[in-house]
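Reviewing the structure listed below.
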Amino acid sequence: MTREITYVEAIAEALDEELARDDDVVLFGEDVEEFGGNFGETEGLYEKHGRDRVRNTPLSEIGIAGMALGAAVGGMRPVAELQFADFAATAGDEVFNQIPKQPYVSGGRLTAPLTIFAPSGAGIGAGAQHSQSVHSWLGNVPGWVVVTATTPYDAKGLFKSAIRDDNPVFFLPHKFLSEQRGEVPEEEYTLPLGEAAVEVEGEDVTVVATQLMFHRAKEAAEQVDADVEIVNPRTFAPLDTETIAASVRKTGRLVVVDETVERYGTQGHIANEVVESDFFSLDAPPKTIGVKDTPIPLSPVLEQEVLPSADRIAAGIESLF
Amino acid sequence: MTRDITVDDATAKRLFEEMLRIDVFEEETKARFGEGEIPGFVHLSGGHEGSHVGMGAAMREDDWLAVGGARLIGQYIAKGVPLTEIMAELYGRVGGSNKGYGGQMHVADVDRKLYGHAATIGSGQNPAVGLALAEEMQGTDNVAVTTIGDGGTSRGSFHTALVFASYWDLPVVFVIENNEWAISTPSTSLSPDHLSDYGKPHKLPTESVDGSDVEAVYHAVSEAIDRARDGGGPTVIESRVARLVPHFEGDKQTYRDSEEYERLKAEKDPIANYRERLLDAGVLTEADVEELTAEILAEVEEAVEFARESPEPNPEAAYENVYQLPLYGQGE
Ligand SMILES: Cc1ncc(C[n+]2csc(CCOP(=O)(O)OP(=O)(O)O)c2C)c(N)n1
Chain A
65 MTREITYVEA
75 IAEALDEELA
85 RDDDVVLFGE
95 DVEEFGGNFG
105 ETEGLYEKHG
115 RDRVRNTPLS
125 EIGIAGMALG
135 AAVGGMRPVA
145 ELQFADFAAT
155 AGDEVFNQIP
165 KQPYVSGGRL
175 TAPLTIFAPS
185 GAGIGAGAQH
195 SQSVHSWLGN
205 VPGWVVVTAT
215 TPYDAKGLFK
225 SAIRDDNPVF
235 FLPHKFLSEQ
245 RGEVPEEEYT
255 LPLGEAAVEV
265 EGEDVTVVAT
275 QLMFHRAKEA
285 AEQVDADVEI
295 VNPRTFAPLD
305 TETIAASVRK
315 TGRLVVVDET
325 VERYGTQGHI
335 ANEVVESDFF
345 SLDAPPKTIG
355 VKDTPIPLSP
365 VLEQEVLPSA
375 DRIAAGIESL
385 F
Chain B
12 MTRDITVDDA
22 TAKRLFEEML
32 RIDVFEEETK
42 ARFGEGEIPG
52 FVHLSGGHEG
62 SHVGMGAAMR
72 EDDWLAVGGA
82 RLIGQYIAKG
92 VPLTEIMAEL
102 YGRVGGSNKG
112 YGGQMHVADV
122 DRKLYGHAAT
132 IGSGQNPAVG
142 LALAEEMQGT
152 DNVAVTTIGD
162 GGTSRGSFHT
172 ALVFASYWDL
182 PVVFVIENNE
192 WAISTPSTSL
202 SPDHLSDYGK
212 PHKLPTESVD
222 GSDVEAVYHA
232 VSEAIDRARD
242 GGGPTVIESR
252 VARLVPHFEG
262 DKQTYRDSEE
272 YERLKAEKDP
282 IANYRERLLD
292 AGVLTEADVE
302 ELTAEILAEV
312 EEAVEFARES
322 PEPNPEAAYE
332 NVYQLPLYGQ
342 GE
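From first to last, the protein sequence lines are chains A and B.
Per my numbering, the very first residue in the first sequence carries number 65; after that it's consecutive.
Per my numbering, the very first residue in the second sequence carries number 12; after that it's consecutive.
Set out below in structure tokens:
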């Protein structure tokens with residue numbers, strides 16, 4: 065049995081169910097109580113689970129991230145929200161140096177089963193410091209499990225798994241997709257971390273895309289004269305290279321579209337993985353498409369200019385034939 | 012609250028006029044945002060006007076303002092950025108102070124010594140310390156004033172800035188606009204009696220003033236600036252205001268007690284209070300106020316026209332300004 069809900073409702077459901085399932089789960093962040101989160105992602109949770117389990121924090125990402133680490137090491141399963149993924153940078157030391165490395169430098173003696181979740185991505189005219197996609201930053205620091213969500217189905221299933229995972233997980237919903245509707249099972253489910261999903265089957269070319277770019281890739285697929293297979297990585301770190309490579313072995317062509325900037329973005333990494341493992345199954349050089357190498361501008365005109373459009377994706381696909 | 016006027020008539024009129032300018036401009040901004048003409052977020056200053064204007068009037072043109080907190084537009088106005096440029100920037104247009112790259116949270120105007128807001132709240136204080144250092148090293152007696160909200164004071168970066176400023180005894184004035192809310196988180200739950208007490212461990216002069224009284228802010232900031240200019244180092248001021256508006260346009264404020272909110276609106280509106288005071292003291296007449304309002308309305312209308320007529324940026328402009336080129340040593 066399924067029903068249609070929005071992406072942001074899926075997130076709230078995941079939190080609700082995990083708070084109910086496991087007493088060790090504690091949710092905190094800025095404005096998660098009555099305010100209900102900037103996008104409505106924590107609406108109703110405080111009323112239902114109370115102030116012990118759902119806690120407003122003072123405004124400090126350093127505090128939020130650092131507290132999550134201590135609470136996790138101390139035996140809780142904290143779920144900490146940053147209002148925008150960009151703000152991971154304001155807790156730079158915690159995010160890049162402390163959380164992902166503690167389990168490693170302790171020689172595996174401690175675990176940090178925490179989840180930080182933070183809306184990422186551009187498209188709402190929020191300007192350069194509220195619109196970045198940060199999964200390439202985070203994917204660059206071994207220790208983080210880095211997860212994105214593309215549909216309401218993804219959002220709920222992956223978020224629940226993130227909370228249950230014993231690693232630090234950075235879960236990145238996309239703010240522009242908040243109101244997207246989609247089918248979500250009535251009954252309880254989770255989705256595996258570290259596994260990509262072949263969302264659309266095709267014979268001629270593999271397009272790898274998540275979040276907003278997945279939806280644009282689907283539009284692009286309609287425009288081109290080719291049978292497109294679309295793979296959604298879901299987890300960027302560690303990456304399920306095998307599912308992507310298997311798809312390329314079938315189609316012989318690869319386009320990677322992502323909302324990270326092209327320079328040192330995830331696109332290059334994914335293409336490289338395929339080039340190294342399956343060079344001889346490629347009939348054309350892989351094509352990578354991302355945000356042009358600029359900060360995200362405020363003006364909607366400029367913003368759309370730097371984001372990959374369906375047209376740009378379509379042109380990228382066609383350039384391989 | 013005192014009813015006396017403690018500044019000369021010309022200053023009093025200027026203080027009132029500036030507050031009114033913020034109010035009229037923001038009412039129009041709200042309407043334009045409501046019509047979908049302005050992208051992104053809009054945070055309005057309602058209740059903070061006295062604090063912004065008192066502070067702005069205490070500064071010389073060559074003093075830096077590093078804008079923080081979340082209520083920004085009123086501060087840009089108080090620093091003297093033309094309304095046309097602010098409005099066009101809100102619209103994301105070429106005629107904006109930042110040519111449409113910045114928007115509401117990033118209006119910057121180096122020529123007017125306005126350091127734009129660090130939209131990650133609380134990240135603006137350390138740059139302010141750096142600006143003060145630069146002034147000092149260049150041998151001027153200019154100071155840097157930097158604002159922050161109650162919420163922002165919880166960030167380590169704020170405390171770090173106090174450490175740095177006092178370490179070098181730099182001419183920085185920290186103004187904390189405590190409106191008791193960081194979106195929905197109350198500052199009353201923070202430990203210090205006054206947020207200016209955060210300056211105490213650093214042995215800085217501290218003061219807490221009624222920020223809804225424009226003259227009180229004007230005097231407190233003037234004194235702190237004079238001290239900084241004379242080599243007396245940083246000061247931490249708490250300016251206690253009421254947030255008479257939602258956090259941002261669209262916030263339903265479900266977390267606020269509505270009776271208390273109405274009481275604050277009746278008692279803590281800096282413009283209404285000051286208007287009454289000036290009328291009582293005979294500094295202004297009703298007719299003066301009407302005339303002034305009409306003038307400002309016309310000015311704001313002009314700003315909207317300017318913004319509307321200003322072109323959208325050319326998409327190609329998205330690639331400009333990422334680097335100053337050539338990079339050092341290139342092309343040799
Ligand atoms: C580092 C950072 N964390 C969170 C936010 C989201 N945010 C924007 S304004 C705000 C509240 C600010 O409160 P305060 O500093 O008291 O300023 P006020 O709104 O009261 O003027 C929050 C949480 C942000 N912009 N930057």
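Beta carbons are placed, not taken as given, at the ideal position from N, Cα and C, and that holds for glycine.
Can you find a CB in chain B that lies within less than 7 Å of the CB of residue i?
i: VAL365/A; result: yes
i: ASN120/A; result: yes
i: GLN193/A; result: yes
i: SER184/A; result: no
i: THR307/A; result: no
i: GLY134/A; result: no
i: ASP95/A; result: yes
i: PHE99/A; result: yes
i: GLY108/A; result: no
i: ALA190/A; result: yes
i: THR70/A; result: no
i: LEU362/A; result: yes
i: THR358/A; result: yes
Measure the CB-CB distance between residue i and residue j and report whether it falls below 7 Å.
i: ALA378/A; j: GLN287/A; result: yes
i: SER363/A; j: PRO324/B; result: yes
i: GLY203/A; j: ALA301/A; result: yes
i: ARG117/A; j: LEU83/A; result: yes
i: ALA132/A; j: LEU178/A; result: yes
i: ASP59/B; j: ARG82/B; result: A quick correction: the sequence has His, not Asp, at residue 59/B. Closer than 7 Å, so yes.
i: THR307/A; j: GLY354/A; result: no
i: ILE248/B; j: VAL315/B; result: no
i: GLU188/B; j: VAL252/B; result: yes
i: ALA290/A; j: ASP268/A; result: yes
i: ALA309/A; j: ASP347/A; result: no
i: GLY185/A; j: LYS239/A; result: yes
i: ALA23/B; j: HIS63/B; result: no
i: ARG32/B; j: ILE307/B; result: yes
i: THR254/A; j: SER311/A; result: no
Does any residue of chain A bring its CB to less than 7 Å from the CB of residue i?
i: GLU96/B; result: no
i: SER195/B; result: yes
i: GLY51/B; result: yes
i: PRO216/B; result: no
i: SER321/B; result: no
i: GLY103/B; result: yes
i: TYR209/B; result: no
i: PRO337/B; result: no
i: TYR87/B; result: no
i: TYR334/B; result: no
i: GLY47/B; result: no
i: PRO11/B; result: A query on residue 11/B cannot be resolved here, the shown segment of chain B reaching from 12 to 343 and no further.
Is there at least one Cβ from chain E nearer than 7 Å to residue i's Cβ?
i: SER124/A; result: Considering every chain present, this structure includes no chain E. Its protein chains are A and B.
**OP:** Evaluate the contact criterion for the segment 194-214 of chain B versus the segment 224-238 of chain B: three or more CB pairs, one atom per stretch, below 8 Å.
**Re:** no
Original post:
Going along the chain, which unbroken runs of the beta strand (DSSP E) with 3 or more residues stay wholly within the segment 127-196 of chain A?
Top reply: Fully enclosed beta strand (DSSP E) runs of 3 or longer: 141-145, 179-181.
**OP:** Could you please tell me which residues of the segment 116-138 of chain B, in chain order, have their CB closer than 9 Å to any CB of chain A?
**Re:** From the segment 116-138 of chain B, only MET116, HIS117, ALA129, ALA130, THR131, ILE132, GLY133, SER134 have a Cβ closer than 9 Å to chain A.
Original post:
At which residue ranges does the segment 181-256 of chain B contain complete alpha helix (DSSP H) runs of 4 or more residues, listed in the order of the chain?
Top reply: 225-240
Subject >> Within the segment 277-340 of chain A, ranges of the alpha helix (DSSP H) (whole runs, at least 4 residues) >> reply: Secondary structure in the segment 277-340 of chain A: the alpha helix (DSSP H) runs of 4 residues or longer, each lying completely within the stretch, are 305-315 in chain order.
**OP:** Check whether the segment 113-120 of chain B touches the segment 145-157 of chain B, taking contact to mean three or more Cβ pairs, one atom from each stretch, closer than 8 Å.
**Re:** no
Original post:
Contact between the segment 136-145 of chain B and the segment 96-106 of chain B: three or more CB pairs below 8 Å?
Top reply: Using a C-beta cut-off of 8 Å, the segment 136-145 of chain B makes no contact with the segment 96-106 of chain B, since fewer than three inter-stretch Cβ pairs fall below that distance.
Subject >> Contact list for the segment 240-269 of chain B against chain A, Cβ threshold 7 Å >> reply: THR265, TYR266
Original post:
Using 8 Å as the threshold, is the segment 294-306 of chain B in touch with the segment 73-80 of chain B, meaning 3 or more CB pairs across them?
Top reply: Judged by Cβ distances under 8 Å, the segment 294-306 of chain B makes no contact with the segment 73-80 of chain B, as fewer than three pairs qualify.
Subject >> Every unbroken beta strand (DSSP E) inside the segment 33-116 of chain B [3 residues or more] >> reply: Those beta strand (DSSP E) runs which fall completely within the segment 33-116 of chain B and span 3+ residues are 75-77.
**OP:** Quick one: which residues of the segment 369-382 of chain A get their C-beta closer than 8 Å to a C-beta of chain B? List them in chain order.
**Re:** GLU369, VAL370
Subject >> At least three beta-carbon pairs within less than 8 Å, the segment 109-126 of chain A to the segment 83-101 of chain A >> reply: yes
Original post:
Taking a cut of 8 Å between CB atoms, which residues from the segment 317-345 of chain A lie near chain B?
Top reply: none
Original post:
Of the residues that make up the segment 157-180 of chain B, which ones have a beta carbon closer than 7 Å to any beta carbon in chain A?
Top reply: Residues of the segment 157-180 of chain B that bring their beta carbon within less than 7 Å of a beta carbon in chain A comprise GLY162, GLY163, SER165, ARG166, GLY167, in sequence order.
Subject >> Residues of the segment 139-157 of chain A whose Cβ lies closer than 8 Å to any Cβ of chain B, in chain order >> reply: ASP150, PHE151, ALA153, THR154
**OP:** Decide yes or no for the touch test of the segment 100-116 of chain A against the segment 126-143 of chain A: beta carbon pairs closer than 8 Å, at least 3 of them.
**Re:** no
Original post:
Is the segment 42-51 of chain B close to the segment 262-269 of chain B, with three or more CB pairs under 8 Å?
Top reply: Contact fails: fewer than three Cβ-Cβ distances are below 8 Å.
**OP:** Determine contact between the segment 225-243 of chain B and the segment 191-209 of chain B, defined as no fewer than three beta-carbon pairs at a distance below 8 Å.
**Re:** no
**OP:** State whether the segment 223-230 of chain A contacts the segment 67-79 of chain A, with contact taken as three or more CB pairs (one from each stretch) at a distance under 8 Å.
**Re:** yes
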